[in-house]
Structures are given as C-alpha cells and as structure tokens.
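Numbers 1 to 114, taken from this note's numbering, label the letters of the sequence shown in order. The beta carbon of each residue, even a glycine, is placed where N, CA and C say it ideally should be. For clarity, every value in this text was computed on a predicted model and none was experimentally measured. Notes to accompany the following structure.
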Amino acid sequence: MSTYGFGVQKHDGKGVFTNLEGGLESAHCPACGKDVERYFYDMVSDWYEADGFPPVKCPLCGAASDIRNYRLDPLWEFSRIGFEFWNMGPLTPEFVEEFTAMPGEPVRVVRAHI
Numbered sequence: 001m002s003t004y005g006f007g008v009q010k011h012d013g014k015g016v017f018t019n020l021e022g023g024l025e026s027a028h029c030p031a032c033g034k035d036v037e038r039y040f041y042d043m044v045s046d047w048y049e050a051d052g053f054p055p056v057k058c059p060l061c062g063a064a065s066d067i068r069n070y071r072l073d074p075l076w077e078f079s080r081i082g083f084e085f086w087n088m089g090p091l092t093p094e095f096v097e098e099f100t101a102m103p104g105e106p107v108r109v110v111r112a113h114i
C-alpha cells in the first residue's frame with residue numbers, strides 16, 4: 001500500500017471497516033430498533049474474538065442478529081474479505097457494480113478519511 005499515491009490493499013479474514021473519523025453516532029438493533037451504541041464496541045470485540053461469523057446478541061432485547069444487519073451511523077462494515085482503495089477519487093457506480101458481481105456477496109462502500 002502506498003499513502004503517497006494510488007494504493008490498493010486486500011484484507012483476508014474477519015474484518016471491521018470504519019470511516020476512521022471518530023467512532024459511531026448510533027447503532028440500532030435490527031430486531032428492536034433501539035440504539036445500542038454505548039454497548040456496540042464491546043459487541044464488536046466479542047464478535048471479532050469469536051470463531052466464524054456468529055450472531056450478535058442485542059443487550060436490550062436479547063435478539064441475536066447478524067452484525068452486518070445493525071444500522072450504523074456512520075456506516076461500518078464487517079466482512080471476511082475487504083479491499084481498501086487509497087488516495088483516489090470516489091469509486092464510480094459502474095466500478096462498484098462490476099466489483100460487486102465478482103465475490104458473490106453483497107458489496108458495500110465505506111468512505112474513510114484520514
């Protein structure tokens with residue numbers, strides 16, 4: 001990866017992708033809709049340390065949900081594989097559409113700024 005020019009970095013394995021701008025404003029449970037932001041960092045830590053991609057239990061309602069289904073602001077993503085594109089303009093919709101067709105999983109773009 002180069003931070004002084006164009007760079008691409010691939011991540012294999014469990015990953016957490018954030019916007020690098022200071023954390024979460026909110027994290028809403030997909031089951032009950034309540035904001036669990038104050039618990040979410042511990043939830044992510046437990047999820048990350050566990051084997052595989054286990055469901056994450058909401059501390060308020062007890063429902064277990066895929067961590068990718070929590071509604072986060074700003075957007076974070078959780079994945080088995082990730083790509084970072086450094087020091088380039090926004091990805092075009094055409095590029096994202098073509099890139100999405102390759103892995104067979106949903107692709108989401110998390111914009112990060114340093």
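Quick check for students: name the residue ranges of the alpha helix (DSSP H) that lie wholly in the stretch 20-79, counting only runs of 4 or more. 37-49
When the Cα of phenylalanine 99 is compared with those of Pro55, Phe83 and Gly89, which residue comes out closest? The shortest Cα separation from phenylalanine 99 among Pro55, Phe83 and Gly89 belongs to Phe83.
CB valine 36 to CB tryptophan 47, shorter than 9 Å? Going by C-beta atoms, valine 36 is not nearer than 9 Å to tryptophan 47.
For cysteine 61, which residues in the same chain have their Cβ closer than 8 Å to its Cβ, ignoring the five residues on either side in sequence? Cys29, Ala31, Cys32 and Lys34
For aspartate 73, which residues from the same chain have a beta carbon less than 6 Å from its beta carbon, with the 5 sequence-adjacent residues on both sides left out? Glu25 and Ser26
Let's test the definition: count the other Cβ atoms within 10 Å of the Cβ of serine 45 and tell me whether it reaches 16, buried, or not, exposed. exposed
If we ignore side chains and look at the alpha-carbon of each, how far apart do cysteine 58 and glycine 15 end up? 20 Å
Restricting to Cα atoms, I'd like to know which of Ala50, Asp51 and Ser79 is closest to phenylalanine 17. Ser79
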